[in-house]
C-alpha cells in the first residue's frame, strides 16, 4: 500500500470503530465503581489469613502466586532471547573483557568517581530494603532487583568498562537469574512434597506488620529478587559489550 | 504405587518441571558439557508428553481440577488460579510436548554454540504452551501466552540475517499488538463481571449476556488469539516469520503455535462466552468468514511461492482457516473435527518443515527452481514430502482425514454454503503446491527456462552437522503418528469435544447442583449424554478423493507449464494475473500495512457486532 492509501484505509477503519468504541465506553462500569468483589474479599480476609499488610504482595505471591511464577520465567525468557541475539550478532563466545584498539580512554572526573562510589553502595542497600519489605510496604523482589542491578551499573559510570567487568561476571548473573527463578518453582515442589497443593504455604506465617511475615512468600520473593537482579545484570552486561564494537573506519574520499 | 500415580496426576507438573529445569539449566549453562542440554531437553519433553497423556486419559470421565496454593472458591467466588484438565486440553498439550521432543531430536547438536540458551528457550516455550492448554484462568492464560510469544520472538531472529531480523520484527510488533488486545479484553470483562476464572466469568456473563462490554471483550480476546492463529486479515506476519525462523523452530510454529491460538478461541467460546447472543452471532458471521477467507487466500498464496518454507507458511494459513471454520460453526461435529484436524495437521506440517530443514542442511538451499533435480540423493525425504503433500490435499487416511470428514459433516449440517468450496480450494492448492515442489526437487520435473532459474532469495543454509538418518527418523515418526486407526481417533475427538463443551461452572465454583444462584448452569443438554455416534463417512465420501486428484492435476499443470501453448499462458496472464499480483502485493513486508489490516479486521468485528 502507498502511504497515502494506508493512511486512508486506517482512518476509515478508525471511523468505523468509533461508534462501537463510544458505545462500549459509555456502558462500562464507572471508574472505581463498586461492587469489586475480588478486591473486597481479599482485603477482608488477607491480613487474617496471610499475616501481611501489603495485599498486592499477598495476591502476587500467594493467592495468584502461580501467575508470578510464569511472569518471572517470561522475564528470564526475554533476557535469554536478548542474549542469544546480541551474542550472535557480535559473533563472540568468550567471556572476558574486550579491547577496542585505538579508542582513547577518557579519564573520569574525580567528582564522578566519588559520587558513584558513594551512591553504588547506597543504591544496592536501598534495593535490598525494597526487596525485603515486600510483605509490609509497597515494593518487593521485582522492584528491589531492578534497583540492585542499577546500583551495579554505577560501577561502569564511575570506574569505566574495566572496573565494570571487574564486578560483572556473566556466570554469576546466570546463576542468580536461573537459580532465583528455579527457587520459586522449587517452592511449589516443596509444598507438593509435604502433600499440599502446589505453592501452598507450609511455613509459619509470622506476625502481621513484621519484616519476616508471610511464610513461603518470603522465599518466593527472594527468588524473584535474585532472578530480576541477575537478569538485569545480564542485560546490562550484554548492552555494554555492544560498546566494544570497533568504530567504523572513516574512509577518505 | 497409587501415591506415585496421584503425584503424577498433578496437572501442574508438565508446566513446573520444564520451568524448573529451564531455570537450573540456565544457572549452570556455561559449565554444561556439550551434549547435556540436548539430552536434558529431550528427556523433559518426553516426560511431559507422558504426563500429559496420563492426565488426558484420566480426564475422560470428568475434568481434573487443581487449585494452586489450595485456594478453592469461597461462596462461589474464585480467589486463586486453577488448572482444569479436559481431554481436549490434555491431548493437545501431549501433542505439543511430542512435537517438541521430535524437534529437539531433529535439531540434535544444531544449536551447540549458544551454550544451552537455545534449549532453555525451547523448554520454556513448551512450558508456556502446555500452561496455555491446561489453565482455567483468563489472566493466567495471558501469562502463558506471553511466555510463548517472548520465546518465539527470539527464536525467530536466531539466524540473524536481514530477512530473519525483519521477519522477527514484524512478528514481534504484530503479536505484541495482539497481546495488548488480549490484555484490553481481560480488563473489559473483569470490569464487567469481576472474575478471571473461566467458571467465574461464565457465571457472571450468564447474568449479563447482552452487555456490550462482554461483546467487546470477546472481540479483543479473539482478535488477539486470531493474530496468533494467523487468520485473514491478521495473517501477514506468519509468512514473514515462519519462512525465516530456523527450521526446527518453524516446526513448532506451524505445527502447534498457530493452532494453539485457535484452540484458545474454541475454549474461550465454549467455557466462557457462549451465553452471549452477539458472540454466537459473531462466531457464525465474522469468524466463519475469516476462516473461509484464510483457507482461500493461504491456498492461492502457497501456490505462488518458490521458497519452500514460505510456501509451507502460507499452507499453514490455509489449513488454520479450515480449523477456524470448524470452530466457528459452533457445533459438536465441527469442534470434534477441528480438534482432530489440529493434531493431524500439526504432525504433517511439522514433518514437512523438517523436510525443509533437511533441504537447507544437505542441499544448502530452499528454492524450488534452483534445486530442481537436486533432491535425488536424499530420496527418503522426497517420499515424506510427497506423502505429506497428499495428506494436505485431503488423501483419506489418518487423523487429518477423520477430522476433515467431521468438519465436512458440520458444514453440511449448518448449510454453510461458502465453507465447503473454501475448504476444497485450500486443500487442493496447498496439496498441489507441495506436490509440485516434490516433483521438481526430487524428480527433476518441470524445467524453467531463462532468468527465473536464478533464485531471487538470499543465500540460506543451515549447519549440516548431523547425519541424515537422525533428521529422517523424527520426520518419519511424525508422519506415521498421523496415521492411526480412524475409528479410535474419531471417538477420542468426540469425547474431547463433548467435554470441552460441557458446562461445568457450578461444579468448579462449588455452587452445588441443587438450587441457589448457580443452579441450572450445569444443566447438561441432553445431546451431551448421547454416546459417540456410529462412525460414518462424510456425506459426500468422494470429496477427499476429488481434492487429492485435483491437487495432483494442478501440480502436474504447474510442472508442465513450459509445454503449454503460448495462447493459454497469455490468457492466464490477462485473466488471473492481475488478481494474483494484487494478492501478492498485500504481503508487502511493511509492518505499518499489517497494523492497518488489523485495524480493518477490528472495524469489521465492530460493524458485524452492531448487526448481532
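Residue numbers (our numbering), protein chains in the order written: chain G, 1 to 253; chain R, 254 to 865.
Glycine is no exception: its CB is placed at the ideal position from the N, C-alpha and C atoms.
Predicted model only: the values in this text are computed from it and were never measured.
Taking only beta-carbon positions, decide if residue i is within less than 9 Å of chain G.
| i | result |
| --- | --- |
| residue 379/R | no |
| residue 283/R | yes |
| residue 255/R | no |
| residue 319/R | yes |
| residue 207/R | Since the displayed chain R opens at 254 and closes at 865, residue 207/R lies outside it and no answer follows. |
| residue 720/R | no |
| residue 323/R | yes |
| residue 533/R | no |
| residue 465/R | yes |
| residue 769/R | Annotation note: pLDDT 42 at residue 769/R (below 50); position unreliable, no value reported. |
Is residue i helix, strand or coil when you go by DSSP?
| i | result |
| --- | --- |
| residue 162/G | helix |
| residue 632/R | helix |
| residue 558/R | coil |
| residue 289/R | helix |
| residue 336/R | strand |
| residue 257/G | In the structure displayed, chain G extends from 1 to 253; residue 257/G sits before or after that span and is not available. |
| residue 783/R | Residue placement at residue 783/R is flagged as unreliable, the pLDDT there being 44, under the threshold of 50; the coordinate-derived value follows with that caveat. Reduced to three states, the DSSP call for residue 783/R is coil. |
| residue 619/R | coil |
| residue 376/R | helix |
| residue 488/R | coil |
| residue 429/R | helix |
| residue 361/R | coil |
| residue 464/R | coil |
| residue 318/R | strand |
Strictly under 9 Å for the Cβ-Cβ distance: is residue i near chain R by that measure?
| i | result |
| --- | --- |
| residue 17/G | yes |
| residue 201/G | yes |
| residue 81/G | yes |
| residue 28/G | yes |
| residue 77/G | yes |
| residue 192/G | yes |
| residue 107/G | no |
| residue 57/G | no |
| residue 176/G | yes |
| residue 170/G | yes |
Give the straight-line distance between the Cα atoms of residue i and residue j, rounded to the nearest whole angstrom.
| i | j | result |
| --- | --- | --- |
| residue 810/R | residue 551/R | 19 Å |
| residue 509/R | residue 501/R | 12 Å |
| residue 667/R | residue 849/R | 33 Å |
| residue 762/R | residue 331/R | 7 Å |
| residue 233/G | residue 77/G | 14 Å |
| residue 121/G | residue 166/G | 16 Å |
| residue 725/R | residue 633/R | 8 Å |
| residue 650/R | residue 657/R | 10 Å |
| residue 559/R | residue 625/R | 11 Å |
| residue 260/R | residue 267/R | 12 Å |
| residue 590/R | residue 242/G | 51 Å |
| residue 529/R | residue 418/R | 42 Å |
| residue 630/R | residue 640/R | 18 Å |
| residue 410/R | residue 496/R | 11 Å |
| residue 839/R | residue 491/R | 13 Å |
| residue 338/R | residue 386/R | 8 Å |
| residue 81/G | residue 439/R | 27 Å |
If you compare alpha carbons, which of the options is closest to residue i?
| i | options | result |
| --- | --- | --- |
| residue 616/R | 713/R, 592/R, 689/R | 713/R |
| residue 189/G | 832/R, 546/R, 341/R, 270/R | 270/R |
| residue 796/R | 814/R, 736/R, 648/R, 694/R | 648/R |
| residue 860/R | 7/G, 155/G, 23/G | 23/G |
| residue 325/R | 336/R, 262/R, 283/R | 336/R |
| residue 202/R | 862/R, 865/R, 854/R | Within the shown structure, residues of chain R are numbered from 254 to 865, placing residue 202/R beyond reach of any answer. |
| residue 470/R | 214/G, 164/G, 28/G | 28/G |
Original post:
If we count Cβ pairs, one from each stretch, closer than 8 Å, do we get three or more for the stretch 337 to 347 of chain R versus the stretch 282 to 297 of chain R?
Top reply: The stretch 337 to 347 of chain R vs the stretch 282 to 297 of chain R: no contact.
**OP:** Taking 8 Å as the threshold, find out whether the stretch 63 to 83 of chain G comes into contact with the stretch 184 to 195 of chain G through three or more Cβ pairs.
**Re:** Flag = yes, the stretch 63 to 83 of chain G and the stretch 184 to 195 of chain G touch.
Original post:
Is it a yes or a no for the stretch 680 to 694 of chain R touching the stretch 642 to 652 of chain R, going by three-plus beta-carbon pairs under 8 Å?
Top reply: Yes: at least three Cβ pairs fall under 8 Å.
Original post:
Using 8 Å as the threshold, is the stretch 557 to 573 of chain R in touch with the stretch 453 to 469 of chain R, meaning 3 or more CB pairs across them?
Top reply: The stretch 557 to 573 of chain R vs the stretch 453 to 469 of chain R: no contact.
Original post:
Is the stretch 397 to 415 of chain R close to the stretch 371 to 379 of chain R, with three or more CB pairs under 8 Å?
Top reply: Counting Cβ pairs under 8 Å, three or more are found: they touch.
**OP:** Give a yes or no on contact between the stretch 205 to 219 of chain G and the stretch 131 to 139 of chain G, applying the rule of three or more CB pairs nearer than 8 Å.
**Re:** Yes, the stretch 205 to 219 of chain G touches the stretch 131 to 139 of chain G.
Original post:
Using 8 Å as the Cβ pair cut-off and three pairs as the minimum, do the stretch 592 to 606 of chain R and the stretch 689 to 696 of chain R touch?
Top reply: Three or more beta-carbon pairs separated by less than 8 Å are not found between the stretch 592 to 606 of chain R and the stretch 689 to 696 of chain R, which leaves the two stretches without contact.
Original post:
Within the chosen definition, does the stretch 153 to 165 of chain G reach the stretch 97 to 114 of chain G through at least 3 CB pairs nearer than 8 Å?
Top reply: Touching, yes, given that three or more Cβ pairs across the two stretches are closer than 8 Å.
Subject >> Three CB pairs or more closer than 8 Å across the stretch 109 to 124 of chain G and the stretch 47 to 63 of chain G >> reply: Cβ pair count under 8 Å is below three, so no.
Original post:
Is there contact between the stretch 478 to 489 of chain R and the stretch 532 to 551 of chain R, where contact requires at least three CB pairs shorter than 8 Å?
Top reply: Contact between the stretch 478 to 489 of chain R and the stretch 532 to 551 of chain R is present, because at least three Cβ pairs lie under 8 Å.
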